[in-house]
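Residue numbers (my numbering), protein chains in the order written: chain R, 1 to 470; chain W, 471 to 719; chain G, 720 to 931.
Notes for the one structure printed next.
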């Protein structure tokens, strides 16, 4: 598990090995992902133009990225014209500084927060604590993770690794809640009571954003519980941290994403609440609005012709729910706030392909392609995975082995000689037609047998039976 | 009435050549039984899939060139491997373009148009669903990821299997989930690969089948290795071998 | 270089290099007007889908609205309203809590329910949209009370999300905040068991008023 943010503490392989042993996690995850998969299928099949929508979504995002500067400048101008303020942050540290300074200016020691993976990415909470500011997570799952001192393990259902009894115990311990039962409705009620008081009294709220429209300066948050509406409306000051890739050019683009996102994420026709606001509006909502535009490596991703499609991501988590690797290893194995297939391509690229642990993530995939089928903006994740594998550094041993094989394949003569050599070498290891153990093959043979090479390869059979080589 | 073809060039694949020659032999038997002339161009070695998918673009390029050189003159190229065919059809042109070799890209485009996986060739090109095969066993079919998602062979293997005399085809639960092989994934992330394998094997066992069939020996080698390790009587078999099998063989 | 200049410079550098790739991409396909399968009429679909979110939906004629509101209130007395909400919509026994001047949060918290109109409703998703227009009020009004009763005129129901977004452009250009509401608040965060009602109003009543 990482300490939050983007930097995995270990390689994917090491984390996965550990997490694969967690039966509870695998059971919860298996159930959760299967449930959402089936719901998603039903609710997307309902729209006869679903595939068209995906094409539109991909095209709008690509165009938005191609004219990103213009879009961000227009967004800034419109937000300012509507009484909001815009700040630019090159990296996580700068973003934290900006937010901290804004909160300090208002003398707040406690702030309320809507779930925002972007703020997790920049490790905002930790940064605020260092300045004596406590950020209360108000999404139920984020609250659970915060109280447990855990990192979220799924983009959409972050506390999926906890069962109801664990949550009850947590609420008893940390909230002093009187909970004789672990009935989910009672647990939610305890959270409501605790948080309602916070919403009403907080001076400053922090949110992320799902999208921002350049043309009108409008920012939006999609949510289910109502804590978003609370944070966006009641406190005097609203600070929104948003990745620069979230900007869309035109208001009408919203229609496409209003149809793509809820069906892909929570598998609903529409999530309970979508809030849209433009700057500040007298008499309705915060008196002060700050939009913090965050780069933090997004411009790295933008620079790669193959990799930049990663920035189309609208954080729906559909790819997580179909990934056979994620389903078994869980979010924590990816060591970053972005888990699953999207995490495997986003995390290393945001880090400029310079983080050794993050660079193991492109290999955390069997390239099965299940994610391609469900991504609402048609990111070809396997294409990017393979591209990134070409950008990572390899061990000397692996490079030599791959070159050796390539050389063996470089001519029929070498190929046949290699096969004959292997047939000879395997003699020591073959028992009853299979190899159960052999030096250098431990990765395979730990759990599987290897078939022995037959005494005659195909080309040798062909030559013998046809009397000629070709 | 399907495609009329004078000669079928067999692309056996390096894996089958060395480890599963019986699949190649089955291809020959099958096509000759159907009245076709087949050719094995011995200049072939490997399509380069392992290298390209593992991030060794530079090492893959010579293999790609060799493949394109070997098969450019063919009328059609048929392989008993969806993953290798997907490599040729989906990856070759991009790899050539990325290397800045437009001539190679053009030849690869042309070759992609005439390279097929076995089942899609039989059903889609030759318009045959009944190859006159006989295989009196209980069989379940695992749709490999490349055949399912990249080549989209979909129903073709099932249509062929349903027409095999004596064959009892049973449905596999959660069939479209990956078996866990994934090329070098199987050894770079062996624990995860094994976890996926265990679930797939469990689902196969639940069908009560004697054989598990698929269009790719790579997946079958992984699953077969798992069956063998646990001492299971279930056998893996390539689609070509079932289709080649007759009452007299 | 300040942050803004630096970020813009990085973007320019990236987009310059990736220009060719971007140029090769197909342009946005024009949205096709695909006839969607509506179950029955647009109104019927709205009603059905809104109800699926566990909103309580009633369809009435104009003259019946007041009694439908009484029904929805079922004994609740203190109803928060905007000053421009037509008062004839409310039953006589209701105690109006008018949000003008703006009520304090705890006053709103003491209201049993809030009654509003809406800006537009969407059949495709069973959604009502508030834009702060007539009878809708500021956002806190429909957020703090635990029970929201929303009146939707039949002619306010549009078929698709596309139409609603186009319709709402004027409000957005005027800088008005929007709230899309699809059912009462909910969470599925505990073992994926869906629990209705966390922070937003836990009860949502929708009254659809048919034109005569």
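Yeah, the Cβ is synthetic: ideal placement off N, Cα and C, and Gly gets one too.
All of these numbers come straight from a predicted model, not from anything done at the bench.
Item, Value
"Contact list for residue 487 of chain W against chain A, beta-carbon separation under 7 Å", "Judged by its chain identifiers, the structure shown contains no chain A, and its protein chains are R, W and G."
"Inter-residue CB distance, residue 269 of chain R and residue 801 of chain G (contact presumed, cutoff 8 Å)", "About 29 Å; that fails the 8 Å criterion."
"Where residue 321 of chain R sits in the DSSP three-state scheme", "helix"
"Cβ-based neighbour list, residue 194 of chain R, same chain, cut-off 7 Å, excluding 5 preceding and 5 following", "175"
"Span of the beta strand (DSSP E) around residue 277 of chain R", "273 to 278"
"Chain G contacts made by the segment 281 to 304 of chain R, where a contact means CB separation under 7 Å", "281, 283, 284, 285, 295, 299, 302, 303"
"Proximal residues to residue 887 of chain G (C-beta, below 8 Å), its chain only, five neighbours per side dropped", "838, 839, 848, 850, 897"
"Range covered by the alpha helix (DSSP H) that runs through residue 534 of chain W", "527 to 541"
"Short CB-CB distance (under 8 Å) between residue 379 of chain R and chain W", "no"
"Presumed contact (8 Å Cβ cut-off) between residue 804 of chain G and residue 834 of chain G, rounded CB distance", "7 Å"
"Element boundaries [beta strand (DSSP E), containing residue 96 of chain R]", "Counting along the chain, residue 96 of chain R falls outside any beta strand (DSSP E), though it belongs to the alpha helix (DSSP H) covering 92 to 105."
"Residue 512 of chain W and residue 410 of chain R closer than 8 Å at C-beta", "no"
"Residues bridged to residue 113 of chain R [DSSP beta-bridge criterion]", "R:137, R:206"
"Cβ distance (whole Å) where residue 99 of chain R is taken to contact residue 138 of chain R below 8 Å", "With a Cβ gap of about 17 Å, residue 99 of chain R and residue 138 of chain R do not count as contacting."
"Partner residues on chain R for residue 662 of chain W, Cβ-Cβ distance less than 7 Å", "16, 20, 325, 328, 329"
"Per-residue contacts from residue 13 of chain R into chain W (C-beta, under 9 Å)", "658, 659, 660, 661, 662"
"Three-state class that DSSP yields for residue 63 of chain R in the structure shown", "helix"
"Best match in R:232, R:272, R:173, R:423 for proximity to residue 770 of chain G [C-alpha to C-alpha]", "R:272"
"Beta-carbon neighbours of residue 230 of chain R, restricted to chain G and to distances below 7 Å", "862, 918"
"Three-pair Cβ contact test at 8 Å for the segment 273 to 290 of chain R versus the segment 325 to 341 of chain R", "no"
"Residues within the segment 86 to 101 of chain R neighbouring chain G, beta-carbon criterion of under 7 Å", "88, 89, 90, 94"
"Cβ of residue 415 of chain R within 8 Å of any chain W Cβ", "yes"
"Within-8 Å CB hit, residue 353 of chain R to chain G", "no"
"Any C-beta of chain W under 8 Å from that of residue 469 of chain R", "yes"
"C-alpha distance - residue 2 of chain R paired with residue 124 of chain R, whole-angstrom precision", "Summary for residue 2 of chain R: the model assigns pLDDT 35, below 50, so the residue's position carries little reliability; its value from the coordinates is reported in the next sentence. Each residue's Cα considered, the two are about 15 Å apart."
"Per DSSP, cross-strand counterpart(s) of residue 284 of chain R", "R:281"
"Three-state secondary structure (DSSP) of residue 872 of chain G", "strand"
"Residue-level contact to chain R via CB, residue 511 of chain W, 8 Å cutoff", "yes"
"Cβ of residue 235 of chain R within 8 Å of any chain W Cβ", "no"
"Beta bridge counterpart(s) of residue 212 of chain R as assigned by DSSP", "R:219, R:247"
"Selection of the segment 875 to 894 of chain G by Cβ proximity to chain R, strictly under 7 Å", "880, 881, 884, 885, 888, 891, 892, 894"
"Three-state class that DSSP yields for residue 346 of chain R in the structure shown", "helix"
"Test: residue 37 of chain R CB closer than 8 Å to a CB of chain G", "no"
"Within chain W, the residues that residue 392 of chain R reaches when beta carbons sit closer than 9 Å", "525"
"Proximal chain R residues relative to residue 829 of chain G, where beta-carbon distance stays under 8 Å", "Those within 8 Å of residue 829 of chain G in chain R number zero; the least Cβ separation is about 12 Å."
"Residue environment, residue 514 of chain W, which counts as buried when at least 16 other CB atoms sit within 10 Å", "buried"
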